[in-house]
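A short worksheet on the structure shown next.
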Amino acid sequence: MPISSTDEEWDELVPENFDTTALLRAVDAVDVLREDLNDREGGGPPQLRTDLLLLHQLAMAVFNDGSRSQVAGLFEFAVDLEDQVLGLMTSLEQVQETLSKLTALYPESLSYEDGDVSES
Numbered sequence: 001m002p003i004s005s006t007d008e009e010w011d012e013l014v015p016e017n018f019d020t021t022a023l024l025r026a027v028d029a030v031d032v033l034r035e036d037l038n039d040r041e042g043g044g045p046p047q048l049r050t051d052l053l054l055l056h057q058l059a060m061a062v063f064n065d066g067s068r069s070q071v072a073g074l075f076e077f078a079v080d081l082e083d084q085v086l087g088l089m090t091s092l093e094q095v096q097e098t099l100s101k102l103t104a105l106y107p108e109s110l111s112y113e114d115g116d117v118s119e120s
């Protein structure tokens with residue numbers, strides 16, 4: 001017998017409590033992530049990975065080899081990457097906030113004692 005929500009829980013599942021278009025905005029946020037995190041054509045790694053490795057090379061030159069001529073480039077590149085990562089985090093936070101709003105409405109009656117969720 002499928003488990004169903006109580007009448008009181010059902011009454012909470014109204015448009016005023018959750019805007020379903022927020023899920024579409026979450027999809028848009030994932031698309032932003034895909035632009036930065038997808039593998040490149042030909043199976044190459046994401047550009048962010050390549051950029052982080054380049055930043056590592058610059059950091060090694062500055063910190064380990066004492067290359068003063070690369071200090072400005074190191075920190076300019078680090079700031080650019082930090083901005084990019086902050087944008088990614090903003091997109092992930094949008095997805096997480098949307099999911100949190102939805103799961104906050106999770107009817108307790110649909111939970112099993114062991115924590116599994118009913119698929120009905």
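The numbers in UniProt numbering rise by one with no breaks, and the one at position 14 of the sequence shown is 14.
Ideal placement from N, C-alpha and C gives every residue a C-beta, glycine not left out.
If you're wondering where the values come from, they're calculated on a predicted model, not measured in any experiment.
Query, Result
"8 Å Cβ cutoff met for Asp36 and Leu88", "yes"
"Extent of the continuous alpha helix (DSSP H) to which Gln57 belongs", "47-59"
"Three-way DSSP call (helix, strand, coil) for Phe109 in this model", "The amino acid at residue 109 is misidentified as Phe; the sequence shows Ser. Ser109 falls in the helix class under three-state DSSP."
"First through last residue of the alpha helix (DSSP H) which encompasses Val62", "Segment: none, Val62 is in no alpha helix (DSSP H) and carries neither H nor E."
"Endpoints, the alpha helix (DSSP H) within which Val32 is located", "21-37"
"Range covered by the alpha helix (DSSP H) that runs through Leu74", "71-103"
"Cβ distance (whole Å) where Leu53 is taken to contact Val62 below 8 Å", "Between Val62 and Leu53 the Cβ distance is about 15 Å, and since that is not below 8 Å, they are no contact."
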